[in-house]
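Chemist: Going left to right, the sequence shown walks through residues 152 to 342 as our numbering numbers them.
Yeah, the Cβ is synthetic: ideal placement off N, Cα and C, and Gly gets one too.
All figures in this text were calculated on a predicted structure; none of them were measured in a lab.
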Amino acid sequence: MTKSEFRETIQQDLLRYDIKERFTLRLFIKCFGPNYAPGLKFTIIYRYCQLSKSKSRWLFYFFMLWLRHLTNKYGIDISYRTKIGKGLYIGHFGGIVIHGDTEIGENCNISQGVTIGVLVRGKNSGIPKIGNRVFIAPGASILGGITIGDDVLIGTNAIVTFDVPDHAVVASPLATIVSDKGSKEYIVNIE
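1) Do you know offhand how far VAL269's Cα is from GLY295's?
2) Here's a check: name, in chain order, each residue in its chain whose Cβ is nearer than 6 Å to the Cβ of PHE211, leaving out the five neighbours to either side.
3) Hey, quick one: how far does the alpha helix (DSSP H) through THR307 stretch, first residue to last?
4) Closest to ILE299 by CA distance: which of LYS171, LYS224, ILE310, ILE281 is it?
5) Assign ALA288 to one of two classes, buried (16 or more other C-beta atoms within 10 Å of its C-beta) or exposed (fewer than that).
6) Report the CB separation of ASP164 from GLY256 in whole angstroms; it is logged as a contact under 8 Å.
7) Check for me: the beta strand (DSSP E) holding ASP164 runs from which residue to which?
8) In this structure, does DSSP put GLY190 in helix, strand or coil?
9) Would you list the residues sitting across from GLU254 in a DSSP beta bridge?
10) Output the boundary residues of the alpha helix (DSSP H) element that contains ILE293.
11) Between the beta-carbon of VAL320 and the beta-carbon of GLY333, is there less than 8 Å?
12) Could you name the residues that DSSP lists as bridge partners for ILE180?
13) Which of helix, strand or coil does DSSP assign to ASN260?
14) Taking the DSSP output, what are the residues bridged to ILE247?
15) Does the distance from the C-beta atom of PHE244 to that of TYR225 stay below 8 Å?
Below, the structure is given as structure tokens:
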């Protein structure tokens, strides 16, 4: 990744968080204040990790340690090896796990509780490839050597193990009532 590609990528990432000012050292420092989204903080350090990988071993280790710290702090586990296009948006943090060999296109949204991972056996063994402008809702799992097309919406708690064409919406089954016993035995220590 060249410096100009890096700057263009960061600018597009910032734009997804409605930040229109030019990326400077001042803005870099400002982004790590309390008013900025954890997803943006993680994305910036993730991008620096990728940039420094081929430039300087010491800078790479510095950003790698910072990325590991943010992984533990915010529960966002995305390897620096993951190929993610510009315009990444992580709206909420926590429970996000993405395999290091996954490829994700441009301008994608990743919500909390998302898993994108490998299947090691079966007809769809492998790692997912995700297109551009894909919205992945909370709790969704995308597993195996599948392809998710462009402009796709993956619904809440959907488990996707098959190819999804462009412009599709994938949803899990609607909730149904399975019992009338209620929460009596689950709510404890109330008096």
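Modeler: On the basis of the supplied data:
1) Counted from its first residue, the sequence shown places residue 269 at position 118. Counted from its first residue, the sequence shown places residue 295 at position 144. Rounded to the nearest angstrom, the two C-alpha atoms are 5 Å apart.
2) Within the sequence shown, the letter at position 60 stands for residue 211. Answer for PHE211: SER203, LYS204, listed in chain order.
3) Working through the sequence shown from its first residue, we reach residue 307 at position 156. Run containing THR307: none; DSSP gives neither H nor E here.
4) In the sequence shown, the residue the question calls residue 299 occupies position 148. Looking at the Cα atoms, ILE281 is the closest of the given residues.
5) Taking the sequence shown and counting its residues from 1, one reaches residue 288 at position 137. Per the 10 Å Cβ criterion, buried.
6) Against the sequence shown, residue 164 aligns to sequence position 13. Against the sequence shown, residue 256 aligns to sequence position 105. Your pair ASP164 and GLY256 does not check out as a contact, with CB atoms roughly 14 Å apart and the cut at 8 Å.
7) For the purposes of this step, residue 164 is identified with residue 13 of the sequence shown, where counting begins at 1. Note, ASP164: premise wrong, no beta strand (DSSP E); alpha helix (DSSP H) at 154 to 167.
8) As a first step, residue 190 is located in the sequence shown; it is residue number 39 there, counting from the start. Collapsing the DSSP output to three states places GLY190 in a helix.
9) Residue 254 sits at position 103 when you count from the first residue of the sequence shown. Its beta-bridge partners are LYS234, LYS280.
10) In the sequence shown, residue 293 corresponds to position 142, counting from 1. No alpha helix (DSSP H) holds ILE293; the beta strand (DSSP E) holding it covers 292 to 294.
11) In the sequence shown, residue 320 corresponds to position 169, counting from 1. In the sequence shown, residue 333 corresponds to position 182, counting from 1. The answer is no: Cβ separation not under 8 Å.
12) Within the sequence shown, numbered from 1, the residue matching residue 180 stands at position 29. Bridge partners of ILE180: none, in fact.
13) Reading the sequence shown from its first residue, position 109 is the one you call residue 260. It is a strand residue.
14) In the sequence shown, residue 247 corresponds to position 96, counting from 1. In DSSP, ILE247 forms a bridge with ILE227.
15) Position 93 of the sequence shown, counted from the first residue, corresponds to residue 244. Position 74 of the sequence shown, counted from the first residue, corresponds to residue 225. Taking 8 Å as the Cβ cut-off, PHE244 and TYR225 qualify as a contacting pair.
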